[in-house]
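Enquirer: In my numbering, the protein residues as written are 2 to 234.
Where a beta carbon is used, it is the ideal one built from N, C-alpha and C, also for glycine.
Small disclaimer: the values here were computed from a predicted structure and weren't measured.
Okay, handing you the structure first.
Here's what the structure looks like:
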């Protein structure tokens, strides 16, 4: 599976009712007993204040469960194959293996300059998976400022050798990349993938990514893309 490197703006896919709206609706019938000496108005203000703070705590718990607990669980599950090891990109000698894996999966070719743009500028956000001495997977990412206000991580490329798929190697590579970007202060992480790539969509959505936008005729073959996003902060 692979993801494309372009970034663009297009039609937003609604994500449904926000968590806060649901919870605020549930709070309408919630009554806390009035404290002696306080007016009804004072108690109402106090109740709303406490409810909002309880809601903030629930949102933080939900975020933690989505990003940290789920990643930890998947990381443990992925460790069942002890012989598969992940390592950082080291130097130019790793480039041919990365290109071999990703080119085999791509719906459109990348030039050597595209690979070098990402890997030379963000070498510590490129990871490879090995089975002994055989390179079987790679992920290439970047971390930059988006519109000067959001520190945005971007998964540009992901590929796993066909013989090693359905063994959570892709998930392990994505988890490693997410952890690296979070440590460097990422506010969010995005990527694009073909709307028809069900395996890639399942992989990312299982890790907490949500469908953010549909990009029409995004690829050279005319297929639409979905932009997926993971909110960190």
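Please classify residue 150: is it buried, with 16 or more other beta-carbons within 10 angstroms of its beta-carbon, or exposed?
Expert: It is exposed - the Cβ of residue 150 has fewer than 16 other Cβ atoms within 10 Å.
Enquirer: What's the C-alpha gap between residue 222 and residue 116?
Expert: About 21 Å.
Enquirer: Considering only C-alpha positions, which residue in the set 205, 123, 140 is nearest to residue 185?
Expert: Nearest option by C-alpha distance: 123.
Enquirer: How big is the Cα-Cα spacing for residue 166 and residue 193?
Expert: Taking the straight line from one Cα to the other gives about 20 Å.
Enquirer: Tell me whether the beta-carbon of residue 102 lies closer than 8 Å to the beta-carbon of residue 128.
Expert: For residue 102 and residue 128, no; Cβs fall outside 8 Å.
Enquirer: Identify every run of the beta strand (DSSP E) within the segment 166–224, keeping only runs that are complete inside it and at least 3 residues long; order them along the chain.
Expert: As far as the segment 166–224 is concerned, its whole beta strand (DSSP E) runs of at least 3 residues are 189–195, 211–216.
Enquirer: Please report the Cβ distance between residue 144 and residue 159, rounded to the nearest whole angstrom; I am assuming they are in contact, meaning their Cβ atoms lie under 8 Å.
Expert: Between residue 159 and residue 144 the Cβ distance is about 16 Å, and since that is not below 8 Å, they are no contact.
Enquirer: How big is the Cα-Cα spacing for residue 110 and residue 104?
Expert: The alpha-carbon atoms of residue 110 and residue 104 are separated by roughly 6 Å.
Enquirer: Are residue 187 and residue 152 closer than 8 Å when you measure CB to CB?
Expert: Contact flag set, yes.
Enquirer: Let's test the definition: count the other Cβ atoms within 10 Å of the Cβ of residue 91 and tell me whether it reaches 16, buried, or not, exposed.
Expert: Label assigned to residue 91: exposed.
Enquirer: Tell whether a beta-carbon distance below 8 Å holds between residue 196 and residue 224.
Expert: Against a cut-off of 8 Å, the Cβ pair of residue 224 and residue 196 comes out as a contact.
Enquirer: Relative to the C-alpha of residue 176, which residue among 162, 164, 141, 163 is closest?
Expert: Of the listed residues, the one whose Cα sits closest to residue 176 is 141.
Enquirer: Could you give the distance in angstroms between the alpha-carbon of residue 170 and the alpha-carbon of residue 163?
Expert: Roughly 11 Å between the two C-alpha positions.
Enquirer: Using three-state DSSP, classify residue 234 as helix, strand or coil.
Expert: DSSP places residue 234 in coil when its eight states are reduced to three.
Enquirer: Helix, strand or coil: how does DSSP classify residue 84 here?
Expert: Reduced to three states, the DSSP call for residue 84 is coil.
Enquirer: In chain order, what residues of the same chain lie with their CB nearer than 6 Å to the CB of residue 213, ignoring the 5 residues before and after it?
Expert: Once the five neighbours on either side are set aside, the close Cβ partners of residue 213 are 228, 230.
Enquirer: Residue 102 lies in the alpha helix (DSSP H); which residues open and close that run?
Expert: It spans 96–106 - the alpha helix (DSSP H) in which residue 102 sits, taken as one unbroken run.
Enquirer: When we look at the beta-carbon of residue 219 and count the other beta-carbons within 10 Å, is it buried (16 or more) or exposed?
Expert: Residue 219 is buried by the Cβ-count criterion.
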